[in-house]
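**Q** Under our numbering, the first residue of the sequence shown carries the number 2, and numbering increases by one thereafter. Glycine included, C-beta positions come from ideal geometry on N, C-alpha and C. Quick one: the structure is below, and I'll ask about it shortly.
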Amino acid sequence: MNAEVKDYVTQKVNELLAAPSCCAEAKEAARNWLNAAGTDKEAEASKNLIAELEEDIMPIDGLIAFAGSEAGEQVFGAETAKNVLAHGKELKASGAKYCDCAACAACEAILEKKADLL
């Protein structure tokens, strides 16, 4: 991986770690990647990070379905769930493939560099 890609991915991994919506498993994979970067463990950590992010990133249809569900209302509250649902529908109409929360945006940016990481 060249220095430019490494710097970019490092920035996005740090954004992921700072995202309030980032789950514990993704934070662990991100921390492990940062710790392994530049070492002989980087390739394995990169594979683990990619696998975790592919599992965690929320497809736009999943966001819409969750926000429109009873479970979504329980997590977000009724009014926020309604707003998230409307936002998700707007995102889908604009062609977005994924949720645009801070965690998903960082995941998407990192996954765009998957070929460079693996």
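Near lysine 115, what residues of its chain come up, given a Cβ to Cβ distance below 8 Å and the 5 sequence neighbours on each side ignored?
**A** Mapped onto the sequence shown, residue 115 falls at position 114. Taken in chain order, the residues that qualify are Ile51.
**Q** Straight-line CA distance for glycine 89 to cysteine 102?
**A** Position 88 of the sequence shown, counting from 1, holds the residue named residue 89. Position 101 of the sequence shown, counting from 1, holds the residue named residue 102. Each residue's alpha carbon lies about 11 Å from the other.
**Q** Could you check where the alpha helix (DSSP H) with tyrosine 9 kicks off and where it finishes?
**A** Taking the first residue of the sequence shown as position 1, residue 9 is located at position 8. Per DSSP, tyrosine 9 belongs to the alpha helix (DSSP H) from 4-19.
**Q** Taking Cβ positions, are methionine 59 and tyrosine 9 nearer each other than 8 Å?
**A** For the purposes of this step, residue 59 is taken as residue 58 along the sequence shown, with counting starting at 1. For the purposes of this step, residue 9 is taken as residue 8 along the sequence shown, with counting starting at 1. Contact: no.
**Q** Taking its Cβ as the centre, do 16 or more other Cβ atoms sit within 10 Å of alanine 20, making it buried, or is it exposed?
**A** What you label residue 20 is simply residue 19 of the sequence shown in a count that begins at 1. Classification for alanine 20: buried.
**Q** Going straight from the alpha carbon of lysine 42 to that of cysteine 105, what length do you get?
**A** In the sequence shown, counting from the first residue as 1, residue 42 sits at position 41. In the sequence shown, counting from the first residue as 1, residue 105 sits at position 104. Cα to Cα, lysine 42 sits roughly 25 Å from cysteine 105.
**Q** Since alanine 79 is in the alpha helix (DSSP H), which residue starts that stretch and which ends it?
**A** Numbered from 1 along the sequence shown, position 78 holds the residue referred to as residue 79. 79-94 is the span of the alpha helix (DSSP H), which, as asked, contains alanine 79.
**Q** In its own chain, which residues sit with a C-beta less than 7 Å from the C-beta of valine 130, not counting the 5 before and 5 after it?
**A** Residue 130 lies beyond the range of the chain shown here (2 to 119); nothing can be said about it.
**Q** Restricting to Cα atoms, I'd like to know which of Cys24, Asn36, Ala30 and Ser95 is closest to lysine 48.
**A** Locating residue 48 in the sequence shown gives position 47, where the first residue counts as 1. Looking at the Cα atoms, Ala30 is the closest of the given residues.
**Q** In whole angstroms, what separates the C-alpha of isoleucine 65 from that of glutamate 56?
**A** Walking along the sequence shown from the start, residue 65 turns up at place 64. Walking along the sequence shown from the start, residue 56 turns up at place 55. One C-alpha to the other measures close to 17 Å.
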